[in-house]
Amino acid sequence: MFNKPISFLFTIFLLSILVVGCSSNETQKPASNVNSSSSNESGSLPKQMTWSVYDVGSGGYAEMSAIANTLTEEYGTQVRMLPSASGVGRMVPLRDKTASIGKLGDEIQFAFEGHEEFAQQDWGPQNVRAIWAPISQYGFAVREDSDIKTISDLKGKKIPKVTGNASVNIKNEAMLSFGGLTWDDVEVVDITSYAGQGEALLQGQIDAAGINPTASAMFEADSKGGIRWLEMDPDDSEGWEQTTETASWMMPYTMDNGAGMESDTNIMGHGYLIGGYADQDPNTVYELLKAMDENFSAYKDAMPNLALYDKELVVTEPRGIPFHEGTIKFLEEKGLWDEEKQAKNDELVARYDILKSAWDQVAEEAKKEGISKDDFPAFWLEKKAELVK
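Structure (structure tokens):
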């Protein structure tokens, strides 16, 4: 199913039609009218919810559409979808309380830390939480006939940076770290298309593609010339320590259904989060997860990756950002939470307080020193390195 892009797009098309029924033609309303996010004590889902999601046509949009349709059919909950192609575009409705939850990429990790676009003066560290954490896969692919055998062999090789895609680039940087490399050790190739890496790999424009192994572009590349994956041994503690120093939410992952894979292959995984802000009502979050779990069979086959939303398969260890209080309640009930996870969660909650305090201090210093808006992100990141360990 992964290597049938036409069927995939047709499925997205059908789900997009269905979700229109969920969204209706309502005009924009304040968050208090569309989300029961502040006082849901009835033990039921809100009648209306608004979700911030990836743009129409994406896998993330289709996955959330399938869940939204199930909630409408089973509970009568109407879900409005607010699509955006950019990370900041998905975070804005959450910050402004227009949406209650979002299907988010690494932007939620950047927002928590005040990195990338969120180092701007009008952002800074955000008090966000993970609500549900299905695993997504990522790895370095090389041509089948390449003499590159390990990530450390990438030294001096052509490695892509995708213009305007910090989420992809941080993953590539994290994988390079596994092999003891940085961007300075490779020949950086600026590309504009994440999906175009398969063809770029075959044409020799890049020596390795950093991408999800289930991407249709990689199945196509494998059919044309053959590809294989540079493995990341889960027992290589030094490699993984270096990886998580670069991106703390990355983890070992083993799969066998990616392009060019004939058996278990050790690569990298990360939570592809449903997330929101800490002040989202815990009862609403709990009831949402309960409904998703009880009706899992109704949507799990709608898209290939929805099988990974199973409570037994999602990430339940806090990584990068804390889990939401409502999520913890659900995981505790299912026997998927323990004292060690709670301790890690508490550390991350405390980290936000440290980040926020540092941000306030740096913002005041910037004001006194006359730091311009354009220069502020670099000023913040330099000071943050001193204040936050």
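In case it helps, mature numbering (1 follows the signal peptide of the UniProt record, and there is no 0) puts the sequence shown at residues -21 to -1, 1 to 368.
Cβ atoms here follow ideal geometry from the backbone N, Cα and C, with glycine treated the same way.
Here the structure is a predicted model, which means the values were calculated and not measured.
- Taking 7 Å as the cut-off, the Cβ atoms of T171 and T142 count as close.
- Look at T223 here: in three-state DSSP terms it is helix.
- In its chain, beyond the 5 residues on either side, T295, E296 and P297 have a beta carbon closer than 7 Å to the beta carbon of K320.
- Taking C-alpha positions only, D201 is separated from G189 by approximately 15 Å.
- When the five nearest sequence neighbours on each side are left out, the beta carbons in the same chain lying within less than 6 Å of the beta carbon of P113 are those of Y251, L287, Y288 and V293, in order along the chain.
- If you keep only unbroken alpha helix (DSSP H) runs of at least 4 residues inside the region 117 to 178, you get 145 to 157.
- The beta-carbon separation of K137 and D186, rounded to 5 Å, stays under the 8 Å limit for a contact.
- Collapsing the DSSP output to three states places K82 in a strand.
- By the Cβ test, the region 86 to 94 is in contact with the region 57 to 74, since at least three Cβ pairs between them sit closer than 8 Å.
- In the three-state reduction of the DSSP assignment, Y278 falls in the helix class, which pools H, G and I.
- Membership of W338 in the alpha helix (DSSP H) is indicated by the continuous run E318 to E348.
- Pairing E199 with E241, the inter-Cα distance amounts to about 16 Å.
- Contact annotation: the region 226 to 238 does not touch the region 264 to 276, with fewer than three C-beta pairs closer than 8 Å.
- Per the coordinates, the alpha-carbon of K76 lies some 43 Å from the alpha-carbon of D243.
- With the rule of 3 Cβ pairs closer than 8 Å, the region 172 to 185 does not count as touching the region 90 to 101.
- T222 and M154 have their C-alpha atoms some 6 Å from each other.
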